[in-house]
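What follows is a single structure, written as structure tokens, with notes after it.
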Amino acid sequence: MVVSAAGVDGAQVTRAAESGADGIVVAGTGLGNATTDLGEAIVEAMDAGVPVVVTSRCGAGATGAVYGTAGGGQTLQDAGAIPGGDLAPWKARVKLALALEAVDQEDVDDEVADYFAESSA
């Protein structure tokens with residue numbers, strides 16, 4: 001799990017992807033946004049085939065694809081990030097682990113996204 005905050009770069013995401021992570025959960029700010037550097041690393045990880053679930057680190061509320069800037073929720077979803085809905089980051093981590101065990105690894109990105117779309121609770 002990687003937490004977005006002011007000044008966070010993409011080093012954690014890059015290290016996780018390069019170390020063979022099966023998936024990554026990002027605890028984004030607000031509606032599920034990331035810093036520019038973190039957003040770029042997220043896109044690179046997804047391009048390398050690592051599914052990324054974006055959640056909000058706020059106490060309540062769901063993710064939303066609103067901002068189209070680098071690292072913005074809309075930009076990340078357009079690039080293939082999976083919205084975590086109203087799941088807290090730690091719950092999304094458990095759900096991602098279950099999804100990765102349940103899906104066909106050849107279509108992992110689409111199937112994990114479908115798994116999350118079924119229910120965000």
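Residue 61 in UniProt numbering sits at position 61 of the sequence shown; the count goes up by one each step and never skips.
Don't be surprised by glycine CBs; every beta carbon is placed ideally from N, CA and C.
Within the segment 3 to 78, the runs of beta strand (DSSP E) at least 3 residues long that lie entirely inside it are, in chain order, 24 to 28 and 52 to 56. Your pair Met-1 and Ala-41 does not check out as a contact, with CB atoms roughly 14 Å apart and the cut at 8 Å.
Residue burial is scored here from C-beta neighbours: Val-94 has fewer than 16 other C-beta atoms within 10 angstroms and is therefore classed as exposed. Looking at the DSSP output, Pro-83 shares a beta bridge with Val-54. Distance between Asp-37 and Ala-70, taken at the CA atoms: about 8 Å.
The residue from Gly-39, Ala-17 and Asp-22 with its alpha-carbon nearest to that of Gly-7 is Gly-39. Taken through DSSP and simplified to helix, strand or coil, Val-94 comes out as helix. Remark: C-beta atoms of Ala-48 and Ser-4 do not approach each other more closely than 7 Å. Shown here, Val-103 sits in coil according to DSSP, grouped into three states, outside any helix or strand. Counting only residues of its own chain and dropping the five nearest sequence neighbours on each side, Thr-14 has a CB closer than 6 Å to the CB of Ala-41.
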